[in-house]
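Here is the structure we will look at, set down as structure tokens.
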């Protein structure tokens with residue numbers, strides 16, 4: 001009769017030993033300790049912005065496929081965008097729009113907000129946040145003069 005040493009009857013030939021046999025929470029705990037130790041030693045992998053972007057993209061796709069992705073409300077998305085914009089400006093990595101780009105973004109923003117589709121028709125020209133696309137473009141031109 002073959003030996004059953006290291007085998008578990010319920011797991012059909014899998015061992016009760018090793019990292020893979022641990023529950024996910026225990027694996028995370030151990031991996032986290034390893035990550036912290038690597039950072040303390042200075043041997044941890046430092047991701048480039050491109051590698052981080054790619055990892056985030058893959059994670060987002062996987063989460064959407066599994067149905068576990070967070071669905072942002074419009075308010076959450078607005079807040080995340082605002083924080084990202086502030087961080088980029090502080091780091092000096094924010095995109096500086098040309099007046100043409102600002103005008104186009106304002107025009108697209110007005111259209112995506114359902115301009116003209118609102119129940120309150122008399123607000124349609126000022127329904128974009130803080131003014132019309134023409135006003136945004138003018139503000140953009142003026143802000144570039146001050147640099």
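Residue numbers (the UniProt record's numbering): 1 to 147.
No residue lacks a Cβ here, since even glycine has one placed at the ideal position from N, Cα and C.
Between residue 102 and residue 55, the CB-CB gap reaches or exceeds 9 Å. For residue 27, the enclosing alpha helix (DSSP H) begins and ends at 24-41. Contact annotation: residue 30 and residue 19 have beta-carbon atoms nearer than 9 Å.
In this structure, the beta-carbon distance from residue 140 to residue 99 falls below 9 Å. When the Cα atoms are used, residue 76 and residue 133 turn out to be separated by approximately 24 Å. Annotation for residue 59: the continuous alpha helix (DSSP H) segment containing it runs 49-66. Here the alpha carbon of residue 23 sits roughly 12 Å from the alpha carbon of residue 17. The alpha-carbon separation between residue 34 and residue 65 amounts to approximately 29 Å.
In the three-state scheme derived from DSSP, where H, G and I count as helix and E and B as strand, residue 19 is classed as helix. Non-local beta-carbon contacts of residue 58 in its own chain, meaning distances under 8 Å to residues more than five positions away in sequence, are absent. Secondary structure of residue 79 (DSSP, three-state): helix. By a beta-carbon distance limit of 8 Å, residue 85 contacts residue 94. Their separation comes to about 7 Å. Just measuring C-alpha positions, the residue of 69, 96 and 131 sitting nearest residue 110 is 131.
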